[in-house]
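In this note's numbering, the protein residues as written are 32 to 322.
Cβ coordinates follow ideal geometry from the N, Cα and C atoms, glycine included.
A quick write-up on the structure given underneath.
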Ligand code: C5P
């Protein structure tokens, strides 16, 4: 069995308030894109799971895939037939694209099927929330308004097709927790996402394009931009070419959305020619069957 674990972007993100548990109350619109990791599940001798990853740095037992497998084993509390899980990474790590969360979601779905556990999507989402704030969204997919820690989900109508260019300054990573610590608290509750949500509900390409062309779509940009010259430089360069990139999640990935393939292709070239990483992908609205 081979499953795709799609990356996500945040079309808008507002930190609404702090929380006693150290997390933050969010309002964000998430969208799946076609860039994906692959998880391969194969029967093997013995019981339980074995795990390998194409990226050796991510092949330790603390990978969210292993933690997802352990959560399922603890939940059913009986020996289960051996399964070998191979994770092939394509989604850049620690980039605000939800790669680890999406891998965890695909692991929960894949193992639920492989071991024939019969857990519902809702049950998997409850387990997933223990692994990370974005895991429940990754189990649902599509276009979603998320609240709370990111786990309270309201599906929105699917977006019309867009090409999506993902742009990352080479070698820049920043821990999500640090980005949340550094964001400008005077901007709590901003930007208001109403125009974005309205544009999506109305299926308005123009409304969405106008939202994304705005200067301020993601509160966390105030935390990551000042400390990362490479990101500022990449953004300046893109804007010089008339492009208006937005920040995904806690960064450092910037993204563009357009219906125009040539524009997307050129934007990806400009970004890559400057020594950055660029990915040309598209919006997807696909949900894996859980059982
Ligand atoms: O849930 P996840 O493990 O992905 O979160 C990583 C870190 O990001 C948390 O430890 C927390 O510092 C921060 N975070 C937050 N509020 C959220 C989501 C994440 O402060 N809603």
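Nearest to residue i by CA position, among the options, is which residue?
i, options, result
"residue 65", "322, 321 and 310", "310"
"residue 94", "55, 110, 53 and 136", "136"
"residue 129", "306, 100 and 207", "207"
"residue 286", "293, 276, 131 and 295", "276"
"residue 75", "52, 55, 253 and 146", "146"
"residue 190", "153, 322, 44 and 60", "60"
"residue 90", "252, 69 and 117", "117"
"residue 255", "234, 153 and 210", "210"
"residue 58", "124, 41 and 232", "41"
"residue 102", "50, 156, 126 and 54", "156"
"residue 292", "180, 314 and 271", "314"
Whole angstroms is fine: what's the gap from residue i's alpha carbon to residue j's?
i, j, result
"residue 250", "residue 214", "7 Å"
"residue 142", "residue 163", "18 Å"
"residue 304", "residue 140", "38 Å"
"residue 63", "residue 238", "19 Å"
"residue 150", "residue 120", "26 Å"
"residue 183", "residue 177", "5 Å"
"residue 187", "residue 115", "36 Å"
"residue 233", "residue 218", "27 Å"
"residue 88", "residue 124", "10 Å"
"residue 69", "residue 39", "15 Å"
"residue 43", "residue 78", "43 Å"
"residue 230", "residue 224", "10 Å"
For this session: Please list the segments of the alpha helix (DSSP H) lying wholly inside the stretch 68-148, counting only runs of 4 or more residues, in order along the chain.
Result: Runs found: 95-107 and 130-145.
For this session: Quick one: which unbroken beta strand (DSSP E) runs of 3-plus residues sit fully inside the stretch 178-214? Chain order, please.
Result: Qualifying beta strand (DSSP E) stretches, in chain order: 183-186 and 194-199.
Exercise. Are three or more beta carbon pairs between the stretch 260-268 and the stretch 100-118 nearer than 8 Å?
Worked result: Using a Cβ-Cβ distance cut-off of 8 Å, the stretch 260-268 and the stretch 100-118 are not in contact, since fewer than three pairs of beta carbons, one from each stretch, lie closer than that value.
Problem set entry | Meets three-Cβ-pair contact criterion under 8 Å: the stretch 74-85 and the stretch 193-209 | Contact annotation: the stretch 74-85 does not touch the stretch 193-209, with fewer than three C-beta pairs closer than 8 Å.
For this session: Entirely within the stretch 278-308 and at least 4 residues each: give me those alpha helix (DSSP H) ranges in chain order.
Result: List check, alpha helix (DSSP H) in window: 292-304.
Problem set entry | Complete alpha helix (DSSP H) runs within the stretch 214-238 (minimum length 4 residues, chain order) | Within the stretch 214-238, the complete alpha helix (DSSP H) segments at least 4 residues long are 225-232, listed from N- to C-terminus.
Exercise. Taking only runs of the alpha helix (DSSP H) that begin and end inside the stretch 248-279, which ones reach a length of at least 4 residues, in chain order?
Worked result: Runs of the alpha helix (DSSP H) inside the stretch 248-279: 252-255 and 260-271.
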